[in-house]
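Residue numbers (the working numbering), protein chains in the order written: chain A, 109 to 528; chain B, 5 to 36. Read the structure below first, then the notes.
Pasting the structure below:
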């Protein structure tokens with residue numbers, strides 16, 4: 109037996125059977141994957157059911173507890189760092205992620221108690237001059253994609269699209285609606301025929317006065333604007349950098365708020381600013397108009413507060429509690445429906461040309477989205493996310509009853525992304 | 005994180021950026 113075991117020569121050759129079987133399995137898998145990526149599942153109302161689709165890497169990432177990981181990441185980065193370590197630690201972070209420390213405010217790195225605070229840093233005044241164009245960038249980052257929207261589908265990357273309804277939500281009866289009273293002021297900006305008036309605490313202001321922020325005219329309508337604060341027509345908007353929060357700070361006077369609202373109304377064109385609310389998802393565009401989109405990706409080292417891309421009025425917001433996949437260009441190329449699966453806040457409103465919306469989308473490391481004029485908003489909270497497409501809605505009509513929403517001027521700070 | 009803008013504009017609206025281009029707050033994205 110020993111002889112037979114040791115002396116018999118071993119001859120290896122491929123088993124044609126196993127090879128054939130493996131080949132069949134591989135062909136079957138590819139066919140199924142291809143069919144699955146084309147399949148569209150719809151619910152009883154005919155709306156597309158958003159599911160995780162993509163190569164196996166995406167399913168592996170999808171199996172991770174991303175939201176818990178994100179909250180843990182946020183907790184760790186909220187821990188206070190020893191003062192002596194801060195300059196060294198933040199310089200290391202800045203070196204690793206390419207942050208520009210010369211433009212941050214405050215510039216003393218010891219003043220940031222944690223990495224989370226450093227991540228949500230501000231910029232110095234004038235750090236970002238505002239272009240007079242009709243649309244400016246709302247954030248520092250990289251333009252991932254842009255273009256026109258055809259048949260209400262947005263192109264994520266070449267060959268992958270997602271539906272506008274899924275991104276912005278479909279009006280559904282019974283959706284919980286909260287009315288956020290960012291601030292209560294007894295002010296009213298009423299456009300009376302061609303003379304604009306604002307009545308504040310019983311005193312009439314003409315619109316020019318408000319823009320000129322002059323003293324109230326006790327009943328007289330002759331504008332008495334003092335030249336210093338009057339806004340020369342066509343002057344480039346003032347350099348932003350004074351991080352003006354869109355939310356009306358208590359100390360901000362009613363008159364200042366009105367000047368702000370009035371300048372938005374003027375910039376939007378009084379007609380557009382008074383236009384009644386249009387359909388939230390921008391389905392009905394005016395003749396001669398089209399729907400456009402652009403996607404800006406913020407890298408970990410970028411300044412993470414976002415600003416208003418134009419003069420517009422935010423009428424409502426829809427908060428979708430979703431997953432927190434990474435939104436890096438790598439994932440955007442592989443994970444279909446990435447922007448409609450992730451947690452996001454869809455801000456819907458209008459600008460001078462009609463429908464306008466801005467959708468900050470969270471990611472694993474930055475799951476928290478802050479909106480300065482919406483204190484009620486809480487993102488990345490504990491608990492299982494509801495099915496994709498479910499949202500809670502808040503309307504901002506209390507912010508400016510006449511403009512029926514929160515008015516914003518170009519480059520005004522709106523909020524930002526926080527770690528975790 | 006990512007910011008998606010979806011808006012209605014006249015058909016002759018033009019983007020002045022390219023995919024992959026770095027942008028900063030306040031820089032021109034497009035104009036009519």
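Note that CB positions come from ideal geometry on N, CA and C, so glycine has one too.
C-beta contact flag for residue i and residue j at 8 Å
| i | j | result |
| --- | --- | --- |
| residue 432 of chain A | residue 471 of chain A | yes |
| residue 435 of chain A | residue 405 of chain A | yes |
| residue 238 of chain A | residue 244 of chain A | yes |
| residue 444 of chain A | residue 128 of chain A | no |
| residue 262 of chain A | residue 401 of chain A | yes |
| residue 453 of chain A | residue 514 of chain A | no |
| residue 526 of chain A | residue 227 of chain A | yes |
| residue 222 of chain A | residue 200 of chain A | no |
| residue 8 of chain B | residue 447 of chain A | yes |
| residue 409 of chain A | residue 182 of chain A | no |
| residue 516 of chain A | residue 419 of chain A | yes |
| residue 186 of chain A | residue 234 of chain A | no |
| residue 175 of chain A | residue 475 of chain A | yes |
| residue 430 of chain A | residue 493 of chain A | yes |
| residue 23 of chain B | residue 254 of chain A | yes |
| residue 496 of chain A | residue 449 of chain A | yes |
| residue 220 of chain A | residue 196 of chain A | no |
Where residue i sits in the DSSP three-state scheme
| i | result |
| --- | --- |
| residue 415 of chain A | strand |
| residue 170 of chain A | helix |
| residue 500 of chain A | strand |
| residue 11 of chain B | strand |
| residue 461 of chain A | coil |
| residue 394 of chain A | coil |
| residue 372 of chain A | helix |
| residue 520 of chain A | coil |
| residue 211 of chain A | helix |
| residue 542 of chain A | The structure shown does not extend to residue 542 of chain A, since chain A spans only 109 to 528, so no value can be given for it. |
| residue 17 of chain B | coil |
| residue 113 of chain A | helix |
| residue 35 of chain B | strand |
| residue 468 of chain A | strand |
| residue 270 of chain A | strand |
| residue 404 of chain A | strand |
| residue 474 of chain A | coil |
| residue 176 of chain A | helix |
| residue 139 of chain A | helix |
| residue 183 of chain A | helix |
| residue 120 of chain A | coil |
| residue 201 of chain A | helix |
| residue 431 of chain A | strand |
| residue 455 of chain A | strand |
| residue 255 of chain A | strand |
| residue 192 of chain A | coil |
| residue 249 of chain A | strand |
| residue 132 of chain A | helix |
Expected contact under 8 Å - CB spacing of residue i and residue j to nearest Å
| i | j | result |
| --- | --- | --- |
| residue 276 of chain A | residue 456 of chain A | 7 Å |
| residue 519 of chain A | residue 30 of chain B | 5 Å |
| residue 521 of chain A | residue 368 of chain A | So it is not a contact: roughly 13 Å between Cβ atoms. |
| residue 249 of chain A | residue 27 of chain B | 6 Å |
| residue 13 of chain B | residue 398 of chain A | 7 Å |
| residue 554 of chain A | residue 507 of chain A | Absent from the structure is residue 554 of chain A, since the part of chain A shown begins at 109 and ends at 528. |
| residue 451 of chain A | residue 487 of chain A | 6 Å |
| residue 246 of chain A | residue 437 of chain A | The pair is not a contact, with the Cβ atoms about 19 Å apart (cut-off 8 Å). |
Outcome for residue i when other beta-carbon atoms lying within 10 angstroms are tallied against a minimum of 16
| i | result |
| --- | --- |
| residue 465 of chain A | buried |
| residue 478 of chain A | buried |
| residue 523 of chain A | buried |
| residue 165 of chain A | exposed |
| residue 423 of chain A | buried |
| residue 208 of chain A | exposed |
| residue 502 of chain A | buried |
| residue 461 of chain A | buried |
| residue 203 of chain A | exposed |
| residue 473 of chain A | buried |
| residue 468 of chain A | buried |
| residue 109 of chain A | exposed |
| residue 97 of chain A | Because chain A is modelled from 109 through 528, residue 97 of chain A falls outside the range shown and cannot be assessed. |
| residue 121 of chain A | exposed |
| residue 264 of chain A | buried |
Beta carbon proximity, residue i to chain D, threshold 8 Å
| i | result |
| --- | --- |
| residue 113 of chain A | This model lacks chain D altogether; the protein chains it does include are A and B. |
Residues, ordered as in the chain, of the region 463 to 485 of chain A that lie near chain B by beta-carbon distance below 7 Å: 463, 464, 465, 466, 467, 468, 469, 470, 471, 474
Residues of the region 222 to 246 of chain A whose Cβ lies closer than 9 Å to any Cβ of chain B, in chain order: 231, 235, 236, 237, 238, 239, 240, 241, 242, 243, 244, 245, 246
Short-range partners of chain B found in the region 392 to 403 of chain A, where Cβ spacing is below 8 Å: 393, 394, 396, 397, 398, 399, 400, 401, 402, 403
Where the region 413 to 424 of chain A meets chain B: residues whose CB sits under 7 Å from a CB there: 414, 415, 417
Contact set between the region 249 to 260 of chain A and chain B, restricted to residues whose Cβ is under 9 Å from the partner: 249, 250, 251, 252, 253, 254, 255, 256, 257
Chain-ordered residues of the region 424 to 436 of chain A with a beta carbon less than 7 Å from chain B: 435
Interface residues of the region 437 to 454 of chain A facing chain B [CB-CB below 7 Å]: 447
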